[in-house]
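Visitor: Here the sequence shown is numbered in the working numbering, starting from -14 and rising by one per residue.
Quick reminder that beta carbons are idealized off the backbone N, C-alpha and C, glycines included.
Please see the structure below; I have some questions.
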Amino acid sequence: MTTLYQVPGACSLAPLIALHAAGLDHDLQNVDLRAHKLTDGSDYYAVNAKGGVPALKLDSGEVLTENAVLLQYIADEKPDSCLIPASGTARYRQLELLNYIATEIHKGFGPLFNPATPAETRTMALDNLGKKFTYLSGKLDGHDFLAGDKMTAADAYFFTVLRWTDLFKIDLLPWPMIKSYRQRVAAEPAVKAALTEEGLGA
């Protein structure tokens, strides 16, 4: 069975949402990232030499890492889930969104997670995130989700990192479309199931 290595509330929530949306059976393994240990005390580096989450162990024993890759893999395992289009320009537009979320938004939160980050740098990080939110607000103009009227892999990823705005007390009031979008995604059955499995609220 496919095994997802994760930390509740971390970016690994995105592939967990995708697994539920695709209806794929999976096992969930929590990781202590400070000690780099699994719950049985074994060394997580033996699973993922990078040391981070998420990691997805396939039935073959191979391990995949990086959110954008895991989301593509899960989508391709269940094409009828429509998490990512199978081919054509629409597929590349979806991959474009995934990579933008990974490099511009997910990575953009990085300085905020480091308590040693100077106040000026934190302010710059918040300003930059605001610009990215404004861009993605434009993608939501006239749509319920980033790529149209159905939740896709990009929404699983963006919703996951959007939850971190609570952690850093970032008010989404300047981006009303994103605020209502987050509520719509939270209401999706796959999202509810993933949050329940992690023991989290929406």
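Do you know whose CA, among Asn99, Met(-14), Glu173, lies nearest Ser45's CA?
Guide: Considering only alpha carbons, the answer is Met(-14).
Visitor: Return the first residue and the last residue of the beta strand (DSSP E) that His11 is part of.
Guide: Looking at the DSSP string, the run of the beta strand (DSSP E) that includes His11 is 11 to 17.
Visitor: With DSSP collapsed to three states, give me the class of Asp129.
Guide: In this structure, Asp129 counts as coil in the three-state DSSP scheme.
Visitor: Residue ranges of each alpha helix (DSSP H) run of no fewer than 4 residues wholly in the stretch 102 to 182, ordered along the chain?
Guide: You should have 104 to 125, 138 to 147, 149 to 152, 161 to 171.
Visitor: I need the straight-line Cα distance from Gly115 to Leu125, nearest angstrom please.
Guide: So the two alpha carbons sit approximately 15 Å from each other.
Visitor: Looking at the secondary structure, which residues open and close the alpha helix (DSSP H) in which Val54 lies?
Guide: Element bounds for Val54: 52 to 62.
Visitor: Locate the alpha helix (DSSP H) running through Lys75, then write down its first and last residues.
Guide: What sits at residue 75 in the sequence shown is Ala, not Lys. Ala75 -> alpha helix (DSSP H) spans 74 to 85.
Visitor: Glu183: buried (16+ other C-beta within 10 angstroms of its C-beta) or exposed?
Guide: By the 10 Å Cβ count, Glu183 comes out buried.
Visitor: I want to know whether the stretch 60 to 77 touches the stretch 130 to 148 - three or more CB-CB distances under 8 Å.
Guide: Judged by Cβ distances under 8 Å, the stretch 60 to 77 makes contact with the stretch 130 to 148, as three or more pairs qualify.
Visitor: With contact counted as at least three CB pairs below 8 Å, one residue from each stretch, are the stretch 32 to 44 and the stretch 52 to 64 in contact?
Guide: Short answer: they touch.
Visitor: Just checking, does the stretch 5 to 13 make contact with the stretch 100 to 113 on the three C-beta pairs under 8 Å criterion?
Guide: Cβ pair count under 8 Å is below three, so no.
Visitor: Is the Cβ-Cβ distance between Lys63 and Leu23 less than 8 Å?
Guide: Not closer than 8 Å, so no.
Visitor: Let me know the secondary structure DSSP gives Thr(-12) once reduced to three states.
Guide: Strand, per DSSP.
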